[in-house]
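Here the structure comes first, spelled out in structure tokens, and everything after it is commentary.
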Amino acid sequence: GWNAYSSVVSNQRGTLTVNGGAVIEHLGGTDMAYGIDNLTNGKGTSAITTINKATVKSPYRAIRQFLNGVEAKNELYVKAGAVIESTNGNKSIWMQDPSKNANTGKLVVEAGAQLKSNVYLSVTAGSTEWPVEVSIASAALAEGVTVDSSNVPAKYEVVEKNGVWTVAPTPI
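Letter by letter, the sequence shown follows residues 2 to 173 of my numbering.
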């Protein structure tokens, strides 16, 4: 049901740092448009992206963190001063498939960052583990913005505690 995929920057096997003043904006024209696609695809890959006081925008999802590798590492850091936004209100950050292939990683959003659209943590249906560290400062979420999730394994929950959103083991 979608016609095309595109991204302005695709970090598939390396380290990407976007520094202050930079604006990465996908203007649309495709159904799956990302400003940055942080992608681990394959065995032993690594993709580490840091947004430092820069802006990332897209009509679909500003940043996709796609953890689709085996023995891979996928990390996304959104530092204070960064602005991340879906211009049509879809999702600012989409973490996709963090437990499908035991792909480890991190999603860290600092309090001084601005997420102007929801964050979406989406796991492959039937997954039983959550090998990814999530730390999203509540103060980074604009008014009305939240952390959404789907298919989080039964023994985990997405929670906000002490001003930080995380994925934690479900209390027994």
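A virtual CB, placed ideally from N, CA and C, is assigned to each residue, including glycine.
With distances taken from CA atoms, which of the options is nearest residue i?
i, options, result
"residue 108", "139, 94, 118 and 119", "94"
"residue 47", "110, 154, 76 and 28", "76"
"residue 133", "67, 55 and 84", "67"
"residue 63", "135, 52 and 153", "52"
So residue i is in the beta strand (DSSP E); what residue range does that whole segment cover?
i, result
"residue 170", "165–170"
"residue 106", "105–110"
"residue 95", "92–97"
"residue 61", "Neither: residue 61 is in no beta strand (DSSP E) and is coded neither H nor E."
"residue 119", "It is not in any beta strand (DSSP E) - residue 119 carries neither H nor E in the DSSP assignment."
"residue 25", "24–26"
Would DSSP call residue i helix, strand or coil?
i, result
"residue 138", "strand"
"residue 38", "strand"
"residue 147", "coil"
How many angstroms separate the CA atom of residue i from the CA atom of residue j?
i, j, result
"residue 71", "residue 6", "23 Å"
"residue 15", "residue 58", "21 Å"
"residue 79", "residue 125", "24 Å"
"residue 82", "residue 173", "38 Å"
"residue 151", "residue 121", "8 Å"
Please work out which residues of its chain come closer than 8 Å, Cβ to Cβ, to residue i, disregarding the five sequence neighbours upstream and downstream, and give them in chain order.
i, result
"residue 164", "112, 138, 139 and 140"
Go through its chain and collect everything with a Cβ distance to residue i's Cβ below 7 Å, but skip five positions before and after it.
i, result
"residue 143", "115, 116 and 117"
"residue 28", "none"
Only counting the same chain, and skipping five residues up and downstream in sequence, which positions put a Cβ closer than 6 Å to that of residue i?
i, result
"residue 9", "25, 27 and 36"
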